[in-house]
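This report concerns only the one structure given below.
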Amino acid sequence: MANFSDLLLDVARVRRDFPILDREVHGKPLVYLDNAATSQTPVQVIATFDDYYRRLNANIHRGLHTLADEATAAFEGTRETARAFINAAEAREIVFTRGTTEAINLVAQSWGRTNLGPGDEVLISLLEHHSNIVPWQLLAAERGFTLKVIPVDERGVLDLDAYRDLINERTKLVAVNHVSNALGTVNPVTDMARVAHDHGALILVDGAQAAPHQLIDVQAIGADFYAFSGHKVYGPTGVGVLYGRAELLEAMPPWQGGGEMIATVSFETPTTFAAIPHKFEAGTPAIAEVVALGRALSWVNEIGLTHIAAWEERLLEHATDTVSRIDGLRVLGTAPDKAGVLSFVVDGAHSQDIGLLIDQLGVAIRTGHHCAQPLLARFGVDATCRASFAAYNTPEEIDIFAESLERVVSMLR
Ligand code: PLP
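Residues in the sequence shown are numbered from 225 upward in steps of one, following this note's numbering.
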């Protein structure tokens, strides 16, 4: 039995915040190990949502009445919380989006459409989620720049020598994830940012899988853009954050037009735009979701990201040791620096079948390509099983997962 007693995370106390963890699935206690897809929501965040609709609900920024003022203050309060969460220099560098995907599309459509053309290069990596591949492919087809891909080795580690070979004076942007959702690899984004800047390129970091698991400091990283999603960091769906350095955001054109993002609109003179970040927030945003995201980030701060990171690291170690005993099981992603993601395939048992059968035992894992088809192709598979961990998972749950997996695999063979 793994020993977790030296760690400073009171998992029983954490679990009390998540009523969903008490439910059963197919008559078995739920073991939820699909956190990289979406993490569960603590009662404090649910209560914030509830309170918003009970007491505050009004459109923001435009009203002069009390509810509009209070809703605006709550909404803008999250901007400051998000700023502190990733240590951005200023709150106006925080743009609310629908999630990481929309944040990356915003950069592609605004910064990319303005700054990229024939002869230019954008460097992404083989570890990317489709949301950091397809926006660049779409734009490359339209604007005529070249997309290049940093390879990974058999451990799932980015080949940094290849990165240094690929980057050159034509490279305008490096777009990489901080943590791979499919393998859990933690990328050395600070070093990569330095190399990008040495070549006059910008760096966009997809932090969807990093924000829930480690302290983020966008200034220390040297990120020009950083994106993450609310629903992976104990917050609601439908909301995310794009961080952009102020001078970059200021120079970028709007990408969507409408209310809230303008200064003046006229048919006689050119329409003028609001200051950042509002220039990028056209229309009524997901107000309740943004307010609840603020509570989610505070919840994470209360538990402490360093405690969460240490806990998840131990869970990952324990899970890796336990499932590795299963005959014919191969872990994909053996990087020395990994976050709480365990991706694997098992000889003689298809991943989809494992996922369906293990669900019957109450265990929720993800199976499929994890929106990283090029990466899986690199490893010669089209699907893996992925267990991913959060602050509320326990070593006992890992044992149930491993025993259930063993049972399922023996049924399938
Ligand atoms: N990037 C990574 C690394 C992810 O894991 C995900 C979601 O799984 C995304 C981007 C997309 O996030 P969203 O669907 O919340 O926009």
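Yeah, the Cβ is synthetic: ideal placement off N, Cα and C, and Gly gets one too.
It should be emphasised that the depicted structure is a prediction, and the values quoted were computed from it without experimental measurement.
Runs of the alpha helix (DSSP H) lying entirely within the segment 595-621, each at least 4 residues long, are 597-602 in chain order.
Uninterrupted alpha helix (DSSP H) stretches at least 4 residues long and entirely within the segment 308-350 occur at 324-330, given in chain order. Taking a cut-off of 8 angstroms on C-beta distances, the segment 385-393 touches the segment 338-349, as three or more cross pairs fall below it.
In the DSSP assignment, Leu529 falls within the unbroken alpha helix (DSSP H) covering 529-548. Under a 10 Å Cβ-count criterion, Tyr616 is classified as buried, with 16 or more other Cβ atoms of the shown protein chains found around its own Cβ.
Residue nearest to His421 within the set Ala312, Thr409, Ala399 is Ala399 (criterion: CA-CA distance). In chain order, Ser453, Gly464 place their CB closer than 6 angstroms to the CB of Gly323, counting only its own chain and leaving out the 5 sequence neighbours on each side.
For Ala626, same chain residues with a beta-carbon under 6 angstroms away, outside a window of 5 residues either side, are Thr546, Val547 in chain order.
With a 10 Å radius around the Cβ and a threshold of 16 neighbouring Cβ atoms, Ser404 comes out buried. For Tyr387, the enclosing alpha helix (DSSP H) stretches over residues 384-390. Any heavy atom of the ligand PLP within less than 5 angstroms of a residue's beta carbon puts that residue on the list, which reads Gly323, Thr324, Thr325, His353, Ser355, Asn401, Asn405, Asp430, Ala432, Gln433, Ser453. Proximity to Phe273 across Arg602, Glu471, Val570, Arg519 peaks at Arg519, based on C-alpha coordinates.
Annotated as distal: Phe568 and Val587, with beta-carbon spacing of 9 angstroms or more. For Phe273, the enclosing alpha helix (DSSP H) begins and ends at 267-275.
Residue nearest to Gly462 within the set Thr508, Glu471, Arg278, Ile500 is Thr508 (criterion: CA-CA distance). At a cut-off of 4 residues, the continuous stretches assigned as alpha helix (DSSP H) that sit fully inside the segment 428-466 are 442-445. Counting along the chain, Gly592 sits inside the beta strand (DSSP E) bounded by residues 590-592. Annotation: Asn339 to Thr495 spans about 22 angstroms, alpha carbon to alpha carbon. Ranked by how close their Cα comes to the Cα of Leu529, the residues Ile318, Phe309, Ala432 have Phe309 in first place. Take the alpha-carbon of Val514 and the one of Ala534: they are about 28 angstroms apart. Collapsing the DSSP output to three states places Arg379 in coil. Only residues of its own chain outside the window of five on either side were considered, and among them Ile427, Ile445, Gly446, Ala447 have a CB closer than 7 angstroms to the CB of Ala417, listed in chain order. DSSP places Ser404 outside both helix and strand once states are collapsed to three, so it counts as coil. With fewer than 16 other CB atoms across the displayed protein chains lying within 10 angstroms of its CB, Asn281 is exposed. Secondary structure at Ser490: coil, using DSSP grouped into helix, strand and coil.
About 11 angstroms separates the beta carbon of Ala470 from that of Arg307, a gap too long to meet the 8 angstroms contact definition. DSSP, reduced to helix, strand and coil, places Asp234 outside both helices and strands of the structure shown, so it counts as coil. Comparing alpha carbon positions, the residue from Thr493, Pro598, Lys372 closest to Arg388 is Lys372. Of the candidates Ala295, Ile511, Gly579, His574, the residue whose Cα lies closest to the Cα of Ser628 is Gly579.
Short of 8 angstroms from the beta carbon of Ala332, and not among the five residues preceding or following it, lie these beta carbons of its own chain, in chain order: Pro359, Trp360, Leu362, Leu363. In its chain, beyond the 5 residues on either side, His455, Lys456, Thr461 have a beta carbon closer than 8 angstroms to the beta carbon of Thr262. When the beta-carbon positions are compared, Leu350 and Val376 come within less than 9 angstroms of each other. Note on Pro560: under 16 other CB atoms within 10 angstroms of its CB, so exposed under the neighbour-count rule. If you draw a straight line from the Cα of Leu233 to the Cα of Gln433, it is about 20 angstroms long.
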